[in-house]
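Taking it in order: structure first as structure tokens, then the write-up.
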Amino acid sequence: MRRNLLYPSSAQTISATRRDFLRGAIGTLSAASISSAALASQTASVLRPTQKTIVVTFGGGARDEETFAKDGQENIPNLLHTLLPQGTFFSHVVNAGILGHYVATASIVTGSYERFDNFIAQPPPNPTLFEYYRKGLRRPASDAWVIAPSNGFQRIGSSSHSSFGPDYGAGVILPKRLLAAALHNSKSLDADRLSYLLQDSYEMPLYQPLQTSIDHELHLDTLSSTLKLSVDEFLQHARSLDSADELSIFITKQLMKQHAPSLMMLTLHDMDIAHSGAYSLYIDAIQRADRLCAELWSMVQTDPEYKDRTTLYILPDFGRDGDTDPGGNGFQHHRTGGAMARTTWMLALGPHLRQNTIVDRPIQSIDLVPTIGSVLGFSTNSSGKPIRELL
Amino acid sequence: MTPAQLTPASFVSYSAPARAFAIEHLVLLQRLPLAVCPSFLQQIQNLHTSFPAEQEALRWQCTALQALPAEKYKQLTAPLSTLALTPALQSMDWVNDPAAFITELTAHLWSSGQLNLFRAAATSLFAAVPPRETTTHRTVFVVLGKDATIDPRKALRKLARNGITLTALKHETAWLDIRSTLQQRATDAPYASWYIDGGPPLPELTNSLLHAIAISYPGLSPLRERVLQRMQSTITSGSGGAEAMRTNLTSTSQQDVAAADITPDPILQRFYTELFTQSSGPQIFSTSFVQWTGRELARRAQPQTLLLRYTPRQAYHDLNELVTTTTPTLDAQGAFRDAEMGAYYNWIEMDRITTKGKLTFVAWIEDHPFAVILSPNAPTATTAATPMPLSEALHNFG
Ligand SMILES: [Zn+2]
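Just so you know, the sequences run in chain order E and D.
Everything in the first sequence is counted per the working numbering, starting at 499 for the first residue and increasing by one.
Everything in the second sequence is counted per the working numbering, starting at 72 for the first residue and increasing by one.
Here it is as structure tokens:
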């Protein structure tokens, strides 16, 4: 039991530290990095119906220590110096729920702290953002997508709620499953070389390389009908990539090109390799996520369907255990439920949002759904509150 | 069953020393709330394969809690008693299988939103146990960075903030100095001196550190491979996820992996086995192994002298693949970054168990003139650029 104890550390202290240095970092940025057109658009409060929304979560939990705190800043040059000046940064985002990736991500998309078993793939009981959106605004199925790291997330696109459900849900693409199916189908020698993209971490509900033939068919169908890619094309792209997160970004790009969906959620999960205790691999994955966020924003800005009408929200699902919490082993896990593991940040960018702005007041990760609902004009039934700075 | 219903007969399946200990502390056990009682029983059950320091710590804790004035004890345990536990939990056989109860309890506390309550209540209860002040001086050397390229401006920065950084160490004699310091400071107390190596152990150390228990990653590879085989069979069965994997590992005993092949000592058999079954990472990476072993030693054996050596680890591919890979390539640079953080955690853990002012901690980058010393005599966040051998640095700052 001793092992479960902690030195209580206050979430406020954590946030205050981060905020102080952030002020310093932003103070050195030049106002010229903000375009005048973007500044002018800040005042636009009524949004066009073609608004696009992209939510990126860092599934894996990333601590302040390795991101926005002093030592971490070197890992996130793009978030800090390119994206933050163009957006509103929330330095104190609390996740008061269960710190398991599937259940926490489900809580972010339902706007309610879900309480189901993290390790069983099941639809959340509360309606998801995608269902509220599609039902409320009468949007077609091709308009909402989730790109998620692994098995277990396959049910995140819609809830088991009787008034909603799969008819209003998002399409869910699991890039690694897709790759597994493509490899299986092509029977190519690439299997060995590409299988490194198929990693799954200790904390996920997957360790199962086996798939049914129905699985394969479904995935191959997604490849051809949704992404408009042949197995060969897909494998050729995959061959040039380093990691599962890069594959997710590639699929996002393909979805944007083929369907220009208005609502997308993407989870970057490489950093959860931290569970293996190898700090360098965790850092590599954070640096990669930083680069991929910038790539995504640049994809948005160069795509006429998305340019100047897209709001991007980036947030870790939660943090990880603190270095000195005796109940944990520092960055490795998120098991103690301590303040470090519960406190994280969010960066929001979009034509209607304030730039180069830091918000210190605490918000919760379940506030995102009602916020997006208020911005886009559909109602949600979340226990979170709309974030006024983003409306 | 409730803790109040415990009687001497409840512990009939326990080993003799465990039963004796439980009966000796029966009054305390009967008064403990159900949410924490099984944790005590788990430690008692394992008493015969626990290190002397663990046994003393448990005895100290039980005695201190039992001696609390009734009113104070009631007030401290009240929040734990009010936690809502399910009938399923209450009906578990937590006397004979406390580990299973603790696993279920943890899941229940998370899902019912009571984890924070539990943490706060358990913290207050254990805060009532006075720290065990000892005169033990502890000496730790961490050697890391073999074959890596070092940036002296950033190397070991987390440790450097808490100690003195030596940038002109005469490192040619560093191994000799480490050896002689450990020889001087080691005692013949059982399980008090340790040498852990992420690679093959260095013969000049194993031959000279006579009191130290030496273990290495390659030396424990038979155990590690048996654990990996069990992981592999969980993976290929396709029947379970991470949870099944963890349950499978934590229920693996020293007998299951034939730890007796490595050592005849049952205390070490359990310790070595749990390094791979109660962890995630040491099965795959030698850097995780060294960090985790250092952590577990601090928590369990509480060493007086400790030498931890991090070496290049296998390069990363994919977890599922690593489990089966037999000829990995090495990543010295990644291992160095892992080890920097590992060394920092090793310091935190050793500092936590040492009476203030009694810890000397040295991290040296192997084959480089670069080290950090943290000790009562070392100024914090300072750099010394004067050339000196490690022995002199230890004399000045150790
Ligand atoms: Zn995780």
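All residues carry an ideal CB built from backbone N, CA and C; glycine is no exception.
Being a predicted model, the structure only gives us computed values, none of them experimental.
Membership of residue 587(E) in the beta strand (DSSP E) is indicated by the continuous run 585-592. Take residue 769(E), set aside five residues on each side of it, and the residues of its chain with a beta-carbon closer than 7 Å to its own are 556, 558, 560, 780, 783, 784, 787, in chain order.
Taking a Cβ-Cβ threshold of 8 Å, the residues of chain E close to residue 387(D) are 771, 776, 779, in chain order.
At a cut-off of 8 Å, the C-beta of residue 817(E) has no neighbouring C-beta in chain D. Only residues of its own chain outside the window of five on either side were considered, and among them 183, 185 have a CB closer than 8 Å to the CB of residue 155(D), listed in chain order.
Inter-segment contact for the stretch 727-740 of chain E and the stretch 669-680 of chain E is present: three or more beta-carbon pairs are separated by less than 8 Å. Ranking 568(E), 858(E), 889(E) by CA distance to the CA of residue 869(E) puts 889(E) first.
For residue 365(D), the secondary structure class from DSSP, reduced to helix, strand or coil, is helix. Fully enclosed alpha helix (DSSP H) runs of no fewer than 4 residues occupy 186-198, 228-231 of the stretch 176-252 of chain D, in order along the chain. Contact between residue 106(D) and residue 189(D) holds, with the beta-carbon distance rounding to 7 Å and staying under 8 Å.
Placement of the Cβ of residue 558(E) at a distance of less than 7 Å from at least one heavy atom of ligand 1 is found.
Interface criterion not met: the Cβ of residue 786(E) is under 8 Å from no Cβ in chain D. As computed with DSSP, residue 643(E) is found in a beta bridge with 669(E), 762(E). In the displayed model, residue 122(D) falls within coil according to three-state DSSP, outside both helix and strand.
The beta carbons of residue 294(D) and residue 333(D) sit closer together than 8 Å. Across the stretch 356-381 of chain D, CB contacts with chain E closer than 7 Å involve 356, 358, 359, 362, 363, 366, in sequence order along the chain. In the displayed model, residue 658(E) falls within coil according to three-state DSSP, outside both helix and strand. Counting along the chain, the unbroken alpha helix (DSSP H) around residue 110(D) starts and ends at 108-116.
Counting the other Cβ atoms within 10 Å of the Cβ of residue 298(D) gives 16 or more, which makes it buried. For residue 824(E), a Cβ of chain D is located within less than 8 Å of the residue's own Cβ.
Within 8 Å of the CB of residue 287(D), no CB atom of chain E is found; the nearest one sits about 18 Å away. Excluding sequence positions up to five before and after residue 457(D), its CB lies within less than 7 Å of the CB of 239, all in the same chain and listed in chain order. The C-beta of residue 821(E) comes closer than 8 Å to at least one C-beta of chain D. Around the beta carbon of residue 169(D), a 10 Å sphere encloses 16 or more other beta carbons of the protein chains shown; the residue is thus reported as buried. Chain D has a Cβ within less than 8 Å of the Cβ of residue 596(E).
Under the three-state reduction of DSSP output, residue 782(E) falls in the helix class. For residue 605(E), the uninterrupted alpha helix (DSSP H) run begins and ends at 599-608, by DSSP. The Cβ-Cβ distance between residue 609(E) and residue 856(E) does not fall below 8 Å. Within 10 angstroms of the beta-carbon of residue 83(D) lie fewer than 16 other beta-carbons, which makes it exposed. In this structure, the CA atom of residue 459(D) is about 13 Å from the CA atom of residue 439(D).
Straight across, the Cα-Cα distance linking residue 624(E) with residue 756(E) is about 30 Å. In terms of beta-carbon proximity, residue 827(E) lines the interface with chain D, with at least one pair separated by less than 8 Å. The C-beta of residue 613(E) comes closer than 8 Å to at least one C-beta of chain D.
A distance below 6 Å between beta-carbons, with the five flanking residues on each side excluded, links residue 409(D) to the following residues of its chain, in chain order: 358. Considering only 811(E), 813(E), 828(E), the residue with the shortest C-alpha distance to residue 819(E) is 828(E). Only residues of its own chain outside the window of five on either side were considered, and among them 115, 116, 118 have a CB closer than 6 Å to the CB of residue 89(D), listed in chain order.
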